[in-house]
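The structure appears right after this line, and notes come after that.
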Amino acid sequence: MILEAGDILVRRGLVNQAQMDESRASVNGGGIIESVVQKGFVKEDVALKAIAEELGIDYIDLREANVDLSLLQNFPQKLIYRHAIFPVRKEGRRVYVATSNPLELYPLDEAAAALSCAVVPMVAEKIEIAKLVKKHLGVGSETVEGLMAARSDEDDDIELLEKFEADGSELSEQAQEASVVRLVNEILVEAVDARASDVHIESQASGIVVRYRIDGILQTQPVPPEINRFQAAIISRLKIMAKLNIAEKRLPQDGRIKLRVHGREIDIRVSVIPMIHGESLVMRILDKGAMKFDLRSLGMGEETYRLFSELIRIPHGIILVTGPTGSGKTTTLYSSLLEIRSPENKIITTEDPVEYQLDGINQIQVHPKIGLTFAASLRSILRHDPDIVLVGEIRDAETAENAIQASLTGHTVFSTLHTNDAAGSFTRIIDMGIEPFLVASTVEGIMAQRLVRRLCPQCKKPYHPKKDELPKDFPWEQLDGKPLYLPEGCRACRGLGYAGRFGIYELLITNEEIREIKQLGLKHGMLTLRMDAFRKVLEGTTSMDEVLRATKGDTIG
Numbered sequence: 005m006i007l008e009a010g011d012i013l014v015r016r017g018l019v020n021q022a023q024m025d026e027s028r029a030s031v032n033g034g035g036i037i038e039s040v041v042q043k044g045f046v047k048e049d050v051a052l053k054a055i056a057e058e059l060g061i062d063y064i065d066l067r068e069a070n071v072d073l074s075l076l077q078n079f080p081q082k083l084i085y086r087h088a089i090f091p092v093r094k095e096g097r098r099v100y101v102a103t104s105n106p107l108e109l110y111p112l113d114e115a116a117a118a119l120s121c122a123v124v125p126m127v128a129e130k131i132e133i134a135k136l137v138k139k140h141l142g143v144g145s146e147t148v149e150g151l152m153a154a155r156s157d158e159d160d161d162i163e164l165l166e167k168f169e170a171d172g173s174e175l176s177e178q179a180q181e182a183s184v185v186r187l188v189n190e191i192l193v194e195a196v197d198a199r200a201s202d203v204h205i206e207s208q209a210s211g212i213v214v215r216y217r218i219d220g221i222l223q224t225q226p227v228p229p230e231i232n233r234f235q236a237a238i239i240s241r242l243k244i245m246a247k248l249n250i251a252e253k254r255l256p257q258d259g260r261i262k263l264r265v266h267g268r269e270i271d272i273r274v275s276v277i278p279m280i281h282g283e284s285l286v287m288r289i290l291d292k293g294a295m296k297f298d299l300r301s302l303g304m305g306e307e308t309y310r311l312f313s314e315l316i317r318i319p320h321g322i323i324l325v326t327g328p329t330g331s332g333k334t335t336t337l338y339s340s341l342l343e344i345r346s347p348e349n350k351i352i353t354t355e356d357p358v359e360y361q362l363d364g365i366n367q368i369q370v371h372p373k374i375g376l377t378f379a380a381s382l383r384s385i386l387r388h389d390p391d392i393v394l395v396g397e398i399r400d401a402e403t404a405e406n407a408i409q410a411s412l413t414g415h416t417v418f419s420t421l422h423t424n425d426a427a428g429s430f431t432r433i434i435d436m437g438i439e440p441f442l443v444a445s446t447v448e449g450i451m452a453q454r455l456v457r458r459l460c461p462q463c464k465k466p467y468h469p470k471k472d473e474l475p476k477d478f479p480w481e482q483l484d485g486k487p488l489y490l491p492e493g494c495r496a497c498r499g500l501g502y503a504g505r506f507g508i509y510e511l512l513i514t515n516e517e518i519r520e521i522k523q524l525g526l527k528h529g530m531l532t533l534r535m536d537a538f539r540k541v542l543e544g545t546t547s548m549d550e551v552l553r554a555t556k557g558d559t560i561g
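Under the numbering used here, the final residue of the sequence shown carries the number 561; numbering is consecutive throughout.
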């Protein structure tokens, strides 16, 4: 849910709006209730009782309650550690659990699925739940062993596709302990289940922090504090899996892990960097089984799709896709290649790295350390008689010159650039030292894009905004009394209010007048990123907050 606990406290007069704003500004993974309590604005039991009353559920004082410890035998222990919930009693087909955050529905649903019965939340103080955990489930290594015991039945869910060898050192032996192996497996399996694109394992002064990037937003994952003692072993385990040197702790390292999770092939790119409190690790997850490359399903408007579909079928010329890292450029390019792939044409790509292997397309992995750069590989590609060439990125003048030469000799060239908008791509290539007339005669079209989160269709909430609540460049006249939508949060979207992402696009097609001038692009019908994003808001598929996060305001006319 979106800040509902805070709204309840303000509505009941337990804190004022200024105190709530201050608390929200300093939320640090523990939630709004914890922030309000830490600042001394309200006592935890008072706040929790008010929330329980508002929601119509019971408040329980665990210091005086009789807890049925036999329920622990079948209760998912990962939910106890990660979400601070604890089973209290069972009545018929209902299990009552204590939680300090009754608005977090995901662990309740998980528990209900695991127990095959209804789970009823009861509100309790977080510190009292923690005392129960420590008293009945142990601390330190026993805690981690208890956590891992509940996962022993999931070993078949994850399988390494490449063998590795440990070096026999003490740290290597610790990294191979069953509890560490299972904990690492759990982190990876849950990341895949949560559709995370990246996993961040960070070494901080307070210990280890695990965060997942889901739909472009980083989300902290609660972990039992006792695992901090296994920090080095966890990092070492992942380094071993990625075939990195576990003894090297001073220099950055990069590697790859190939897994099969739930029967799907998962490719993980691993980056390790030494920080002041120890090594931090980031894993980019490429879920081959879940990825679908379909140009129609990316979120383009009908007119943009029609124009781009025609553009990618030109006999020769350069087509650029631009945007920052993580804006979906690779997905757009792969989808374009698959749409025009046929037995009559030969497609060769040069990429860094090759993220997904595509049937019927010849792919080259560049290796700059041995001289196989984009520019060098592109020169060789042209000797293989291709019809269509994909260059992963135009990074320098040499690559740009080779791409232009390929275009001039009758090839269709796809590539990417890092620019803020479509019009800026012309300037960027000219700044690399390419003659303007060559750019004008070879670049046929430029697609700029960003990704925004899709509102959960099951819980999005309509509202009618006032004019001063919207950006100045919002097309107010197109609203015409229709509602916009806000994220609400429900069980289907795990309380986030969003489920998945889609693209917003700005397509600039070159003609005799358009070169690098945005105004002329608009005159000829180009929609900017901002305009396309506003269309999606008016359609009710994303929120105004997402547009403001992903785009800058247009300065037009």
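Yeah, the Cβ is synthetic: ideal placement off N, Cα and C, and Gly gets one too.
Taking the alpha carbon of D363 as the point to measure from, which residue in T377, I344, S381, K373 has its own alpha carbon closest?
The residue labelled residue 363 in the question sits at position 359 within the sequence shown. Looking at the Cα atoms, I344 is the closest of the given residues.
Determine, using beta carbons only, whether V274 and A294 come nearer to each other than 8 angstroms.
As a working note, residue 274 is residue 270 in the sequence shown. As a working note, residue 294 is residue 290 in the sequence shown. No; because the gap between Cβ atoms is not below 8 angstroms, this pair is not in contact.
For H87, which option in E108, E68, V99, L75 has the closest C-alpha, if you only look at C-alpha atoms?
Position 83 of the sequence shown, counted from the start, is the residue given in the question as residue 87. For H87, the nearest C-alpha among the options comes from E108.
Whole angstroms are fine: how far does the CA of I433 sit from the CA of E166?
For the purposes of this step, residue 166 is taken as residue 162 along the sequence shown, with counting starting at 1. For the purposes of this step, residue 433 is taken as residue 429 along the sequence shown, with counting starting at 1. Each residue's alpha carbon lies about 41 angstroms from the other.
Any idea which residues DSSP pairs A452 with across the strands?
Within the sequence shown, the letter at position 448 stands for residue 452. T326, E510.
Can you tell me where the beta strand (DSSP E) with I316 in it begins and where it stops?
The count along the sequence shown starts at 1 and reaches residue 316 at position 312. Segment: none, I316 is in no beta strand (DSSP E) and carries neither H nor E.
Have a look at R28, E510, R539 and flag the residue whose alpha-carbon is nearest the alpha-carbon of L311.
For the purposes of this step, residue 311 is taken as the residue at position 307 of the sequence shown. Residue E510 is the option with its Cα nearest to L311.
What's the C-alpha gap between G321 and E405?
In the sequence shown, the residue the question calls residue 321 occupies position 317. In the sequence shown, the residue the question calls residue 405 occupies position 401. Looking at the two C-alpha atoms, the distance is approximately 13 angstroms.
Taking all protein chains shown into account, decide if N105 is buried (16 or more other Cβ within 10 angstroms of its Cβ) or exposed.
Start at 1 with the first residue of the sequence shown, and residue 105 comes out as number 101. Buried, by the Cβ-count rule.
Skipping 5 residues on each side, what residues in its chain have a beta carbon closer than 8 angstroms to that of T224?
Stepping through the sequence shown from its first residue, residue 224 is reached at position 220. Excluding residues within five positions, the ones whose Cβ falls inside 8 angstroms are G33, V213, V214, R215.
Go through its chain and collect everything with a Cβ distance to S156's Cβ below 6 angstroms, but skip five positions before and after it.
By 1-based counting over the sequence shown, the position of residue 156 is 152. With a pLDDT of 44 at S156, under the threshold of 50, the modelled position of that residue is not reliable, and the figure given next carries that caveat. Contacts found: none.
Quick check on the DSSP output: the beta strand (DSSP E) that includes I438 runs from which residue to which?
Position 434 of the sequence shown, counted from the first residue, corresponds to residue 438. Per DSSP, I438 belongs to no beta strand (DSSP E) and is neither H nor E.
With a CB to CB cut of under 7 angstroms and the five nearest residues on each side skipped, what residues in its chain are close to V551?
Position 547 of the sequence shown, counted from the first residue, corresponds to residue 551. Excluding residues within five positions, the ones whose Cβ falls inside 7 angstroms are V456, A537, F538, V541.
Going by DSSP in three states, M548 sits in which element: helix, strand or coil?
Taking the first residue of the sequence shown as position 1, residue 548 is located at position 544. Residue state, collapsed to three classes: helix.
With burial defined as no fewer than 16 other Cβ atoms inside 10 Å of the residue's Cβ, what is the status of F441: buried or exposed?
Taking the first residue of the sequence shown as 1, we reach residue 441 at position 437. F441 should be labelled exposed.
Starting from G10 and walking both ways along the alpha helix (DSSP H), at which residues does that stretch end?
Taking the first residue of the sequence shown as position 1, residue 10 is located at position 6. Looking at the DSSP string, the run of the alpha helix (DSSP H) that includes G10 is 8-15.
Is the number of C-beta pairs between the stretch 278-293 and the stretch 366-384 that are closer than 8 angstroms three or more?
Because the criterion of three Cβ pairs below 8 angstroms is not met, the stretch 278-293 and the stretch 366-384 do not touch.
Buried or exposed for D202, going by 16 or more other Cβ atoms inside 10 Å?
To locate residue 202, count along the sequence shown from 1; it is residue 198. When all chains shown are included, D202 counts as buried.
When you compare each of I84, P491, T334 to K296 by their alpha carbons, which one comes out closest?
The residue given as residue 296 occupies position 292 in the sequence shown. Checked all of I84, P491, T334; the closest Cα to K296 is T334.
From the DSSP secondary-structure annotation, give me the bridge partner or partners of G259.
Position 255 of the sequence shown, counting from 1, holds the residue named residue 259. G259 is bridged to V274.
Assuming the contact rule is C-beta atoms closer than 8 angstroms, I64 and A128 should be a hit. Round their C-beta distance to whole Å, please.
Start at 1 with the first residue of the sequence shown, and residue 64 comes out as number 60. Start at 1 with the first residue of the sequence shown, and residue 128 comes out as number 124. Indeed they touch by this definition, with Cβ atoms about 5 angstroms apart.
Looking only at its chain, what residues have a beta carbon closer than 6 angstroms to the beta carbon of L302, apart from the 5 residues adjacent to it on each side?
Translated into positions along the sequence shown, residue 302 becomes position 298. Once the five neighbours on either side are set aside, the close Cβ partners of L302 are G507.
Is M601 helix, strand or coil when you go by DSSP?
This structure does not reach residue 601, given that the chain is present from 5 up to 561, and the question cannot be answered.
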